[in-house]
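Working notes, beginning with the structure itself.
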Amino acid sequence: MANADQESWSRVKERLRADVGDDVYSSWFARMDLEGHDDKTVRLSVPTRFLKSWIQSHYAERVLACWQAHDDNIARIELTVRSAVLRSAVSVKPRETAPVTNGQAEPGRFNGHMRAALPADAAGHEALGGSPLDPRLSFDTFVVGRSNTLAQAAAKQVAIAKRTDPVMFNPLYIHAGVGLGKTHLLQAITWAGNAAGERKVLYLTAEKFMYGFVSALRTQTALAFKESLRGIGVLVIDDLQFLQGKSTQAEFCHTLNALIDAGRQVVIASDRPPSDLESLDDRVRSRLAGGLVVEMGGLGEELRFEILKARVMAARAHHPTFDVPVPVLSYIAKTVTHNGRDLEGALNRLLAHSKLTGHAVTLEMAEREVRDLIRPQEPKRVKIEDIQRVVARQYNVSRSDLLSSRRTANVVRPRQVAMYLAKTLTLRSLPEIGRRFGGRDHTTVLHAVRKIEGLVGNDVSLAEEIEILKRQLQE
Ligand code: ADP
Ligand code: MG
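For the sequence shown, the numbering used here begins at -1 and goes up steadily by one.
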């Protein structure tokens, strides 16, 4: 290609970098190459299908605008995926910044290895150590209802997909509150996937991931760790919210990119959506959000009833005399809240009680046994954005006022109220809340919380206002 072309391309790239910022640029555009252009059309290439579709859906106009700023004849950008051969032909060029620099092998190289699809290194796998699986957590025992239909269908799709099938959504990201079946579904994928024998499925808790990686680093076998990842068709990571530490996160990002670019499936569960994973890098977050994100809601009463029924049936395999009359099941389904673990706990108590005393299960006994599992309606998960929106509306200020540094009284009080609600209605830490309120310090948040706590004791109308806000948010 003519030197002049490459020079134009460099200039366009600089403009693009300035436009989107270094982070976004190095994540998505660092490996974009100019293939050529004619009067009106510029042809660009990227190494993976994922990059192509991501850039097309998120940045196509930006890229075009950058070209047009340079040459206003350009009317169209054509983006293609370059083949491996093409890639090696042009790879004499020095590589630009890799997305993550952590002293690790560069991601591009890692990808190349993965594409070779070597068989799993058994010893490496052992070293990697999947987390233990519970044989009861299978698709067969997973009861489908309104709140989890989509998640279950997506999980099943992943589990039965053939090695040669195109990956439909990657990563599959499932989020839900505690006890709503995330681990159950992830382990079901692992069991079913491995039983089908098409693709090796590895299930790891975020802790295992951290431990595996950190210990691998410590014993200087990071390479072996990576090697062992090569044999994996589906990587399943549970409880992503627990992923801590900069270097672990960098490695996670690395692994994620490498697996996805190589067409391997990644499945993730977390207690919050990607946008709320506050400690994660923007790039990782956007990548996580780029697949299929599915939320599982609370288990409705009907679903709770079905789960209980299935559980009793399962228990009877070992305890043939165990029987729970339908009215008792209905009672538990109605009163025990939507957490699957409490349902299990309730049944275990009935089972233990009837085993130990030899008495049949009655409604009376159930009422006594599960009393402490009955909780008032569990509060809905509230998002900080919702709090800001509702509070802003209530006090007739804008959301950006709440996040701004303005200190006029008509903004200060609503802001304090919003921070107070964020602390009381969400599980977010003070520093997290501070960040979400325009990057304030955690001590500012603490001050606001104390201030409002102090005021509601004496100020009835404020207390009422706050009650109303709470109700609006939890409805
Ligand atoms: P999470 O990982 O989301 O905290 P778990 O997957 O550990 O929740 O589920 C908690 C308990 O509830 C487990 O015993 C699980 O089997 C049960 N459970 C949750 N959802 C379902 C469901 N749809 N069908 C059957 N059991 C369920
Ligand atoms: Mg879990």
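No residue lacks a Cβ here, since even glycine has one placed at the ideal position from N, Cα and C.
Residues near residue i by beta carbon distance below 6 Å, same chain, minus five either side
i, result
"E33", "R41, S43"
"I230", "K198, L200"
"A153", "L183, I187"
"F140", "H182, A186"
"Q386", "R397, L400, A416"
"Q4", "none"
"G455", "none"
"R93", "Only weak support is given to the placement of R93: the predicted model assigns it a pLDDT of 34, under 50, and the value that follows is read from those uncertain coordinates. Counting only Cβ-Cβ distances below 6 Å, and skipping sequence neighbours, we find nothing."
"G243", "none"
"T78", "S43"
"P412", "V389, Y393, V395"
Neighbourhood of residue i by C-beta, 8 Å cutoff - its chain only, sequence neighbours within 5 removed
i, result
"E463", "Q392, V415"
"R134", "A312"
"E342", "R309"
"K353", "H317, F320"
"H351", "H357, V359, M363, E367"
"H35", "D3, R41, I72"
"S136", "Q185, A186, W189, A190"
"V156", "L170, I187, G191, V232, Q263, V265"
"S8", "none"
"D384", "L471"
"E451", "Y418"
CB-CB length for residue i against residue j, believed under 8 Å
i, j, result
"R13", "C64", "5 Å"
"R262", "L233", "7 Å"
"L467", "L419", "6 Å"
"K421", "V389", "At roughly 13 Å, the Cβ-Cβ gap does not stay under 8 Å, so K421 and V389 are not in contact."
"L371", "V334", "5 Å"
"T203", "S129", "5 Å"
"E196", "R228", "Not quite, the Cβ-Cβ distance comes to about 17 Å (not below 8 Å), so this is no contact."
"N486", "I258", "The requested residue 486 is not part of the displayed model; the chain covers only -1 to 473."
Cut-off 7 Å between Cβ atoms - residues of its own chain near residue i, not counting five sequence neighbours on either side
i, result
"Q66", "I72"
"L348", "V322, V359, A364, E367"
"L453", "L460"
"V10", "C64, W65, H68"
"E205", "F240"
"T424", "V380, I382"
"H440", "L428, P429, G432"
"N17", "A small correction: the amino acid at residue 17 is Asp; Asn does not occupy that position in the sequence shown. Excluding positions up to five away in sequence, the list reads R60, C64."
"K449", "Q414"
"R270", "H173, Q239"
"R15", "Y23"
"Q150", "F140, V142, L183"
"V447", "M417, Y418, K421"
CA nearest to the CA of residue i, picked from the options
i, options, result
"A331", "L301, H357, L348", "L301"
"E365", "R379, V322, K38, Y209", "V322"
"M30", "M311, R80, E5, D36", "R80"
"I53", "Q386, A407, F27, H445", "F27"
"H68", "Y23, S129, V410, A2", "A2"
"G298", "T424, V142, L62", "V142"
"T319", "A344, T333, L135, G356", "G356"
"L49", "S24, A157, I450", "S24"
"S277", "T253, A256, L241, E76", "L241"
"V380", "R469, R134, T78", "R469"
"P45", "A260, G455, L345", "A260"
"M542", "T253, E196, I431", "Outside the modelled stretch of the chain, which goes from -1 to 473, sits residue 542, for which no answer is possible."
"D70", "L77, E76, L62", "L62"
"R369", "D132, A344, L131, V165", "A344"
"N255", "G296, P271, S245, R281", "R281"
"D20", "A446, T406, D279", "D279"
"R426", "H35, L275, K38, H445", "L275"
"L131", "R15, T78, R404, D236", "D236"
Residue i CB to nearest heavy atom of the ligand HEM below 7 Å
i, result
"K206", "This structure does not include the ligand HEM; its bound ligands are the ligand ADP and the ligand MG."
Proximity test, Cβ basis, 8 Å: residue i and chain C
i, result
"L178", "Protein chains in the displayed structure number just one, and chain C is not present."
Within the chosen definition, does the stretch 54 to 63 reach the stretch 315 to 327 through at least 3 CB pairs nearer than 8 Å? no
At least three beta-carbon pairs within less than 8 Å, the stretch 190 to 204 to the stretch 277 to 291: no
Three CB pairs or more closer than 8 Å across the stretch 171 to 181 and the stretch 324 to 341: yes
So does the stretch 162 to 172 actually touch the stretch 261 to 279, counting three or more Cβ pairs closer than 8 Å? yes
Given 8 Å, three or more beta-carbon pairs between the stretch 397 to 413 and the stretch 433 to 444: yes
Measuring CB atoms only, is the stretch 303 to 312 touching the stretch 324 to 333, in the sense that at least three cross pairs come out at less than 8 Å? yes
I'd like to know if the stretch 292 to 299 and the stretch 132 to 146 are in contact, where contact means that at least 3 CB-CB pairs between them fall below 8 Å. yes
As an exercise, report each continuous beta strand (DSSP E) stretch of at least 3 residues that is fully enclosed by the stretch 176 to 210, in chain order. 199 to 203
Please give the ranges of any alpha helix (DSSP H) in the stretch 253 to 327, keeping only runs that are unbroken, at least 4 residues long and fully inside the region. 280 to 287, 299 to 314
For the stretch 125 to 153, which segments carrying the alpha helix (DSSP H) assignment without a break, of at least 4 residues, lie completely within its bounds, in sequence order? none
My parser needs the alpha helix (DSSP H) runs of 4 or more residues fully inside the stretch 46 to 70; what are they? 47 to 68
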